[in-house]
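Q:
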Amino acid sequence: IVTYNILVNAFCKTRKMDRAFGLLNRMRKEGQRPTFQTYTTIIDGFIRAGDIKMALEMVHQMKKAGCKPSTATYNVMMYGLVQDGQMNRAVAIIDEMVLAGITPNERSYTILMEGYACIGELGNAYKFFKKMKEDGLKADIVSYGALLKACCKAGRMQSALAVLHEMNSAGVERNLFIYNILLDGWAQRGDMWEAAEVLHQMCKEGHHPDIYTYTSFINACCKAGDMKRAMETVADMKRTGVEPNIKTYTTLVHGWASASYPEKALACYHEMKEAGLKPD
RNA sequence: GCCCACGAUAGCCGAG
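Just so you know, we're using this note's numbering here: the first sequence kicks off at 11 and counts up by one.
1) For the segment 199-210 against the segment 245-255, are there 3 or more C-beta pairs whose distance is under 8 Å?
2) Should the segment 193-202 be regarded as contacting the segment 223-239, the criterion being three or more beta carbon pairs within less than 8 Å?
3) Taking the straight line between their C-alpha atoms, what separation do you get for Lys143 and Ile104?
4) Evaluate Ile16 with the Cβ neighbour count: other Cβ atoms within 10 Å of its Cβ, from every protein chain shown; 16 or more gives buried, anything less gives exposed.
5) Are Ile112 and Ser80 touching if we call contact CB-CB under 8 Å?
6) Rounded to whole angstroms, what's the CA-CA distance from Ile62 to Ala267? Just pull it up for me.
7) Evaluate Ile297 with the Cβ neighbour count: other Cβ atoms within 10 Å of its Cβ, from every protein chain shown; 16 or more gives buried, anything less gives exposed.
8) Who are the Cβ neighbours of Lys159 in its own chain at under 7 Å, not counting the five residues just before and after it?
9) Pop quiz: Val92 and Ile121 are said to be a contact at Cβ under 8 Å. What is the actual Cβ separation, rounded to whole angstroms?
10) Given Gly125, which residues of its chain have a CB within under 7 Å of its CB, disregarding the five upstream and five downstream residues?
11) Which complete alpha helix (DSSP H) runs does the segment 188-227 hold, if anything under 4 residues is left out?
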């Protein structure tokens, strides 16, 4: 059964839902009982394919087969609804879980927080952050990341700093994701100075900037109109072995174009093609 | 605690 599950998972991850589904039927025919993991994997596959209806249908089949949906099953459903922008339905799943006697875990709440973070609803994100703690769950680094992103998206950078502070008190170490979210928060506001400060601090603490860090920072420079600094950053990243990708170049092309230097924009565009990247 | 399932970061454009 574990072997089957691994196979089913492989098919789902490569978007071959028909084959995954076929395998499920084969398991049934051979008299093997698919486990709750099997079902959850398939439901996850449908969710990632954007097919909420089929995902719900599978939940139904799962229950009919006498398999109890687990926390992960509910999490997957919430994730799908969140991706689809159906926050209210996603939130309703929490109540459904509780009614079914299933306990939400930190991921359950983090999924909802992420959803609210994406639309800049800090208040709601925070609401579930609190709820998580009320349930006696410990916020992990991903949960803090979601809260941080909510602050950044809402433009509440002071609150973002407060979140970092709380992480410290909770003894949760910052990682590259955390720094990148924060740096991007400043970048979105065109504050390359604060962004530079974050970049400086992360390096000081031994974190190596990655493609996300650099691209966000370049974006900050472009927004602030400092194309010189943007180009210097490109040089920096190459020097540290981080190759600019399509997004990095698009940021630059856009930056030069907004600064009314179409010829510079074109030069970046050519450089991108020479680097073997296809414009998208 | 670990094993087969679930959550996090960047650009432009389009759609609304």
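We put the CB at the ideal spot given by N, CA and C, even for glycine. Given the structure is predicted, the values throughout are model-derived calculations rather than measurements.
A: Reading it off the structure:
1) Not touching, per the Cβ criterion.
2) For the pair of segments examined, the segment 193-202 was found to touch the segment 223-239: the number of CB pairs separated by less than 8 Å reaches three.
3) Using only the alpha carbons, I get a separation of about 15 Å.
4) That one is exposed.
5) Against a cut-off of 8 Å, the Cβ pair of Ser80 and Ile112 comes out as a contact.
6) About 41 Å.
7) Outside the displayed range of the chain (11 to 290) lies residue 297, so it cannot be described from this structure.
8) Ala127 and Ile191.
9) Between Val92 and Ile121, the beta carbon gap of about 6 Å places them in contact (Cβ cut-off 8 Å).
10) Result list for Gly125: Val92, Met97 and Ala100, in chain order.
11) As summarised for the segment 188-227, the continuous alpha helix (DSSP H) elements at least 4 residues long and confined to that stretch are 202-214, given in chain order.
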